[in-house]
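Student: Encoded as structure tokens, here's the structure I'll be asking about.
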Amino acid sequence: MQAPILHTIRGQQIWLSAARVLYWENKKTLIVSDTHFGKTGHFRKNGIVVPQNVYKEDLQRFFDQCSLFKPEEILVIGDFFHSTSNKELDLFIRWRKDLNYLPITLVRGNHDILKDSWYEEAGIHIVEGIHTIDAFSFVHDPSGIEENEQYYFCGHVHPGIVMRNGVRQSLTFPCFFFDQQKCILPAFSKFSGLKMMRPKKTDAVFMITDQHVIKA
Amino acid sequence: MKKHIGHTIITQWLRDHQMHPFDFQEQTWKAIIEGESGLVNAPTGCGKTYSVFLGSLMQFIEANPTHYKTAKNNGLQLLWITPLRALAKDIGRAMEEVIVALGMQWKVGIRNGDTSNADRQKQKKQTPEVLIITPESLHLLLTQKSHASIFETLKIIAVDEWHELMGGKRGVQVELAIAHIMRAKAEGISYKGEEKPSSFHLKASTSIWGISATIGNLEEAKEVLLSPLQQKGRIIAAQIDKPIEVHTIIPEEIEKYPWAGHLGIKLAHMLVPIIEQSKTTLIFINTRGMSETWYQTLLTIAPQLAGAIALHHGSIEQELRLWVEDALHTEKLKAVVCTASLDLGVDFRPVDTVIQVGSPKGVARFLQRAGRSGHRPGETSKIYFLPTHSLEIVEAAALKDAIVQKNIESKDPLLLCYDVLLQFMCTLAIGDGFIPQELWKQVKSTYCFADMHETEWQELLQHVVNGGTALAQYDEYKKIEIEEGVYKIKSRKIAMRHRMHIGTIVSDAMLKVKFMSGGYVGVIEEYFISRLEPGDVFTLAGRNLELVMIKEMTVLVKKSTAKKSIVPSWMGGRMSLTANLGEVLRDTFSKALKPNVGYELASLVPLFLLQQQLSHIPQPQELLIEQIVEKDGYHLLVYPFEGRQVHEALSAILAYRIGQITPISFSISMNDYGFELLSDQPIPVDDTNAYDLFSEDNLLIDIQRSINKSEMAKRKFRDIAVIGGLIFQGFPGEQKKARHLQSSASLLFKVFEEYDPNNILLRQAYNEVLLQQMEEVRLRQALQRIAKSKIVIQFPEKLTPLSFPIIVDGLNRNNLSSEKLEDRIQKMQQQLANI
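Shown next as structure tokens:
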């Protein structure tokens, strides 16, 4: 996978990775959103066949990023887990135990509906609504942004971008979407759809192909 | 016929009412009384219902000669499967009239999506003698526990409109249900260890009767239907030659350079006298978008028709459509502009004239539409053909020939539809459950799955029981569970969800369109509306509407007075010419410029003279290739007359193969007659390599390399995923959806491609692309035909009449606005005509 590329916002150094994560270097924080862990398990529990390997690979990629960036903290901007509990989450817990020194903060998203005790046992600190660290604020749903001077990071949307090549063909990619006020992170999970963005000239879009982050 | 009391009683009753049976009815009755199975081939409106239904009554009277009038609660005798809900009531009523007239006690029950719960309960307590049912409701019936007992007394399974069902997945549903019923009767399925019902010994032998309009492969249609019976059965064909009058509307001035689309509308005024002189006229338009335009145009040029003319297509609100259908029955309308939405269904008595605008693309469809007029015995069907460009006049001549030659398309039965089978397995698992070895035999007895391999069967079982491959201890997949060897669905939630999803008709994501002020307009595809911005004006249901906003699956609009609007192009795509029509068309083209060829071809003499002068008129054993150099580049035109769909594949393969000779890039366009490769450099095709370029060798490999199959498979996967139970669509019209279980077909496709590429449903999608989208069989036949043909390569100095519509189609593809396009084409026409 291509090395992360640097993007500076308000003097802070943010690394964009093709693994669908951000690394905030100044704070040594790994930022992800919409991991939807346990989604395949939830579908399968309800009798819908989905290959579980997509989850296995998501989880692998998640912990790979932890060893790669060696962050001091992980910040998840919502939809960490997809739904109610299922056995797939045990696999997460197994990995988590090996990294139990690493604090994880979860800014709650609409999918995060597990019991409080579960998060506690998993060593996940929950924040409701808006979470603020210096000039940056984190909120799951962009519609929850407040009008102020803060720069926001959000998830929820699963942003994507259409690239047209030639006359009738087009390809879609997940992307990091930056405008004047906020950044919307791509969904971390590969088992997630895309909402196509219509960027303005002043927006910055970084699309994620399989191995690369490319400024669109 | 030997004297049979049942036969005597019924024919006497018919005579008393001045009704005279047709030969095919007599033959069917005899065959039914003798316990045979088969296929009745008769056009609509010729008493095909009576042929099987009265046969069933005769059989009963025959078995109960003394008390047939008083016998009640006889259990199910006749299962009548029909694809059309709307027909059920009419058929039921007709049957009841006969039963009452004969003084019998039979009950007729109707079972479909509209049947109330109370009626269902009633039917459960007391099964009617006749049950009229849709394929979906029949499968739903199989989810009931001990449903086998319903079929114990069953004597006849009748499948109406089998030609319609057979070509689609609903046909596969029928095949599976019939195989199940036949085995249930033969063996008395009861897995729960319950005692078999006492009446079990009454087990009657059951015959199967299909009813079909004429198609090219009636013999195969019969074989498919009777497959579980392992009997040959017989075909009983009605020798009723219904007279059809075909009139072609010839424009006053023939364009030597034809292009599609505009000519039709220019001829609209010629329809007005036809409409006025007829009682009721159906005007068939090929696309929903064009039907909107036609409706508007007719109202503009004939304002006197306002109120007497209506629009009917699949995206119009159901209630409005029902109103139109009702008004057709009661003769309140002079004309209805419609699409394939009125191809099937109840016959409208007042309709005496049909107008077909543009190519019907197939002989069967043309006949079907013609038959919607004057459908009662003894009447003549009258159809006017209105060409949308001058070359279509040749099609009119070809259609006439095809009708005389009875060259009617086949409907190919679908094979190995694993999605339908998976659904069916779950259906049975909800009812009494199934034992794999037994179900395997039953499924193998159908035509659709006769060639299924044991390994595929194991994969399917693996799919429903274990959910494919999984992460052993971290998986809780649950759908079908095994209990003492019986495969069952025990979760009520899963069972309920499955019941809601039984069926194989998958509709596109549709949004409701409503006025801001309230009031429902219709539905529209999400795909279309998602490309509009608030303030854009579009046309739906004959009205210009301005998009205000989209809110919760509803498109809110207000009336617009804007002159220009966007007419939705509905997905579903353009129909492609059938092989049969293509063949007759090739033949008809060769007759141009010959004497005594009928007024259609005669009207095109100037066009053909020009074609001959500039190039060549292709003969049946020839393939014409034209190379034309124009300002915009090098055009290579090929005319196989195989229909748009085959041309799509053929052009991609040819482009790929030429690309192997020299690095070159093309833009490709096509119509039903031929296709065009356009390049900015000379295209190296001449008589030294032409045959090789069309060789059948390496066809599959070249398809793989030249066509983006993955994109096509993704589209096919949508239906498969819904039918196969991977997508939960929620409840129609309700917001209530299963929590956190939504996903889109394209997402699932992506996930399966990457993480489970060998999945059986994914494989099916690719298979469907090859067989249905690419029409591999037809593609091969086309290449074989070309190999035997003489390839004629011409180098015309300028565009030829045959090439013009294809090249115009290519212009269309570039992002020119439609207005500019029209100007540009007219200019081209003028320039070409001046020389």
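The listed protein sequences correspond, in order, to chains A and B. Using our numbering, you'd call the opening residue of the first sequence number 1 and step up by one each time. Using our numbering, you'd call the opening residue of the second sequence number 1001 and step up by one each time. For every residue, glycine included, the Cβ atom is placed at its ideal position computed from N, Cα and C. Given the structure is predicted, the values throughout are model-derived calculations rather than measurements.
Compile a chain-ordered list of the residues in the segment 60–93 of chain A whose CB is closer than 9 Å to at least one CB of chain B.
Tutor: HIS82, SER83, THR84, ASN86, LYS87, GLU88, LEU89, ASP90, LEU91
Student: Let me see if you follow: with CB-CB separation under 7 Å, is A/ASN110 close to chain B or not?
Tutor: Walking along the first sequence from the start, residue 110 of chain A turns up at place 110. It does not: the Cβ of A/ASN110 has no partner Cβ on chain B nearer than 7 Å.
Student: Please list, in chain order, the residues of the segment 33–60 of chain A that have any C-beta partner in chain B closer than 7 Å.
Tutor: GLY41, HIS42, PHE43, ARG44, LYS45, ASN46, GLY47, ILE48, VAL49, VAL50, PRO51, GLN52, ASN53, VAL54, LYS56
Student: Listing by chain order, which chain B residues have their CB less than 9 Å from the CB of A/GLY155?
Tutor: Locating residue 155 of chain A in the first sequence gives position 155, counting from the first residue. By Cβ distance, chain B contributes nothing, its closest Cβ being about 16 Å from A/GLY155, past 9 Å.
Student: Give the straight-line distance between the Cα atoms of B/ASP1536 and B/TYR1477, rounded to the nearest whole angstrom.
Tutor: As a first step, residue 1536 of chain B is located in the second sequence; it is residue number 536 there, counting from the start. As a first step, residue 1477 of chain B is located in the second sequence; it is residue number 477 there, counting from the start. Rounded to the nearest angstrom, the two C-alpha atoms are 47 Å apart.
Student: Rounded to whole angstroms, how far is the Cβ of B/VAL1548 from the Cβ of B/PRO1534, which I believe are closer than 8 Å?
Tutor: Indexing the second sequence from 1 puts residue 1548 of chain B at position 548. Indexing the second sequence from 1 puts residue 1534 of chain B at position 534. B/PRO1534 and B/VAL1548 do touch by the CB rule: their CB atoms are close to 6 Å apart, below 8 Å.
Student: Closer than 7 Å, CB to CB, is B/SER1710 near chain A or not?
Tutor: As a first step, residue 1710 of chain B is located in the second sequence; it is residue number 710 there, counting from the start. No, no contact with chain A.
Student: Please confirm whether B/LEU1039 and B/GLY1210 have their CB atoms less than 7 Å apart.
Tutor: In the second sequence, counting from the first residue as 1, residue 1039 of chain B sits at position 39. In the second sequence, counting from the first residue as 1, residue 1210 of chain B sits at position 210. Contact: yes.
Student: Secondary structure at B/GLU1734, three-state DSSP: helix, strand or coil?
Tutor: Locating residue 1734 of chain B in the second sequence gives position 734, counting from the first residue. Residue placement at B/GLU1734 is flagged as unreliable, the pLDDT there being 43, under the threshold of 50; the coordinate-derived value follows with that caveat. Three-state DSSP puts B/GLU1734 in coil, outside helix and strand.
Student: Counting pairs of Cβ atoms below 8 Å between the segment 19–38 of chain A and the segment 88–103 of chain A, do you hit three or more?
Tutor: yes
Student: Starting from B/ARG1111 and walking both ways along the beta strand (DSSP E), at which residues does that stretch end?
Tutor: Against the second sequence, residue 1111 of chain B aligns to sequence position 111. That run of the beta strand (DSSP E) goes 1108–1111.
Student: Could you tell me which of B/GLU1255, B/THR1427, B/THR1578 sits nearest to B/PHE1366, measuring between CA atoms?
Tutor: Locating residue 1366 of chain B in the second sequence gives position 366, where the first residue counts as 1. Checking every option, the nearest Cα to that of B/PHE1366 belongs to B/THR1578.
Student: Could you tell me which chain A residues have their CB closer than 7 Å to the CB of B/PHE1752, listed as they occur along the chain?
Tutor: Position 752 of the second sequence, counted from the start, is the residue given in the question as residue 1752 of chain B. Within 7 Å Cβ-Cβ: PRO51.
Student: By Cβ distance below 8 Å, which residues in the same chain neighbour B/ASN1671 in space, the five residues on each side in sequence not counted?
Tutor: What you label residue 1671 of chain B is simply residue 671 of the second sequence in a count that begins at 1. So the list reads ALA1260, ARG1644, HIS1647, PRO1805, ILE1806, ASP1809, once near-sequence residues are dropped.
Student: From the beta carbon of A/PHE176, is the nearest beta carbon of chain B less than 7 Å away?
Tutor: The residue you call residue 176 of chain A lines up with position 176 of the first sequence. No, no contact with chain B.
Student: Just to confirm, is the Cβ distance from A/PRO174 to A/GLY193 under 7 Å?
Tutor: For the purposes of this step, residue 174 of chain A is taken as residue 174 along the first sequence, with counting starting at 1. For the purposes of this step, residue 193 of chain A is taken as residue 193 along the first sequence, with counting starting at 1. Taking 7 Å as the Cβ cut-off, A/PRO174 and A/GLY193 do not qualify as a contacting pair.
Student: For B/ASN1814, I'd like the list of residues in its chain whose CB is within less than 7 Å of its CB, leaving aside the five on either flank, ordered along the chain.
Tutor: Translated into the one-based positions of the second sequence, residue 1814 of chain B becomes position 814. Reliability of the predicted coordinates at B/ASN1814 is poor, the pLDDT of 44 falling under 50, and the value obtained from them is presented with this limitation in mind. Within the same chain, B/ASN1814 has no close Cβ partners at all.
Student: So, is A/GLY166 buried or exposed, given that buried needs 16 or more other C-beta atoms within 10 angstroms?
Tutor: Taking the first residue of the first sequence as position 1, residue 166 of chain A is located at position 166. Residue placement at A/GLY166 is flagged as unreliable, the pLDDT there being 44, under the threshold of 50; a coordinate-derived value is accordingly withheld.
Student: Under the rule that 16 or more other beta-carbon atoms within 10 Å means buried, what is B/SER1205, buried or exposed?
Tutor: Within the second sequence, the letter at position 205 stands for residue 1205 of chain B. By the neighbour-count rule (16 or more Cβ atoms within 10 Å), B/SER1205 is not buried but exposed.
Student: Can a CB atom of chain A be found closer than 7 Å to the CB of B/GLY1468?
Tutor: Taking the first residue of the second sequence as 1, we reach residue 1468 of chain B at position 468. Yes, contact with chain A.
Student: Any C-beta of chain A sitting closer than 7 Å to the C-beta of B/VAL1677?
Tutor: For the purposes of this step, residue 1677 of chain B is taken as the residue at position 677 of the second sequence. A small correction: the amino acid at residue 1677 of chain B is Leu; Val does not occupy that position in the sequence shown. For B/LEU1677, the answer is no, since every Cβ of chain A falls outside 7 Å of its Cβ.
Student: Mapping the DSSP letters down to three states, classify B/GLN1027 as helix, strand or coil.
Tutor: If you number the second sequence from 1, residue 1027 of chain B lands on position 27. Three-state result, B/GLN1027: helix.
Student: Since A/GLY193 meets chain B, which of its residues come closer than 8 Å, beta carbon to beta carbon?
Tutor: Here residue 193 of chain A is taken as the residue at index 193 of the first sequence, counted from 1. Simply SER1743, SER1744, SER1746, LEU1747.
Student: Once the 5 residues before and after B/ARG1780 are set aside, which same chain residues still bring their CB inside 8 Å of it?
Tutor: What you label residue 1780 of chain B is simply residue 780 of the second sequence in a count that begins at 1. So the list reads GLU1696, LEU1699, once near-sequence residues are dropped.
Student: Which residues, in order along the segment 1256–1276 of chain B, keep a beta-carbon less than 9 Å from a beta-carbon of chain A?
Tutor: none
Student: Relative to the alpha-carbon of B/LYS1790, which residue among B/TYR1691, B/PHE1728, B/LEU1832 has its alpha-carbon at the smallest distance?
Tutor: Counting from 1 along the second sequence, the entry for residue 1790 of chain B is found at position 790. For B/LYS1790, the nearest C-alpha among the options comes from B/TYR1691.
Student: Below 7 Å CB to CB, which residues in the same chain sit around B/LYS1125 once its five sequence neighbours on both sides are set aside?
Tutor: Here residue 1125 of chain B is taken as the residue at index 125 of the second sequence, counted from 1. Cβ neighbours of B/LYS1125 beyond the five flanking positions: none.
Student: For the 8 Å Cβ check, are there 3 or more pairs between the segment 1470–1485 of chain B and the segment 1438–1454 of chain B?
Tutor: No, they do not touch.
Student: Pairs of beta-carbons, one from the segment 1419–1436 of chain B and one from the segment 1395–1405 of chain B, closer than 8 Å: are there three or more?
Tutor: no
Student: Assign A/SER17 to one of two classes, buried (16 or more other C-beta atoms within 10 Å of its C-beta) or exposed (fewer than that).
Tutor: As a first step, residue 17 of chain A is located in the first sequence; it is residue number 17 there, counting from the start. It is buried - the Cβ of A/SER17 has at least 16 other Cβ atoms within 10 Å.
Student: List the residues of chain A whose Cβ lies closer than 8 Å to the Cβ of B/GLU1483, in chain order.
Tutor: To locate residue 1483 of chain B, count along the second sequence from 1; it is residue 483. Per Cβ cutoff of 8 Å: no residues; B/GLU1483 is ~16 Å from chain A at best.
Student: For a test of the three-state rule: what should DSSP assign to B/TYR1691, helix, strand or coil?
Tutor: Within the second sequence, numbered from 1, the residue matching residue 1691 of chain B stands at position 691. In this structure, B/TYR1691 counts as helix in the three-state DSSP scheme.
Student: Ignore the nearest five residues each way along the sequence and tell me which others in A/THR84's own chain have a CB closer than 8 Å to its CB.
Tutor: Here residue 84 of chain A corresponds to residue number 84 of the first sequence, with the count starting at 1. Closer than 8 Å at the Cβ level, and outside the excluded window around A/THR84, lie HIS42, ILE113, LEU114.
Student: Where does B/THR1049 fall in DSSP's three states?
Tutor: Indexing the second sequence from 1 puts residue 1049 of chain B at position 49. Residue state, collapsed to three classes: helix.
Student: Would you mind telling me which residues of chain A sit closer than 8 Å to B/ASP1756, beta carbon to beta carbon, in chain order?
Tutor: One-based indexing of the second sequence puts residue 1756 of chain B at position 756. Within chain A, the residues near B/ASP1756 are PRO51, ASN53.
Student: Around the C-beta of B/HIS1007, are 16 or more other C-beta atoms found within 10 angstroms, so that it is buried, or is it exposed?
Tutor: For this step, residue 1007 of chain B is matched to residue 7 along the second sequence. The residue is buried, with at least 16 neighbouring Cβ atoms inside 10 Å.
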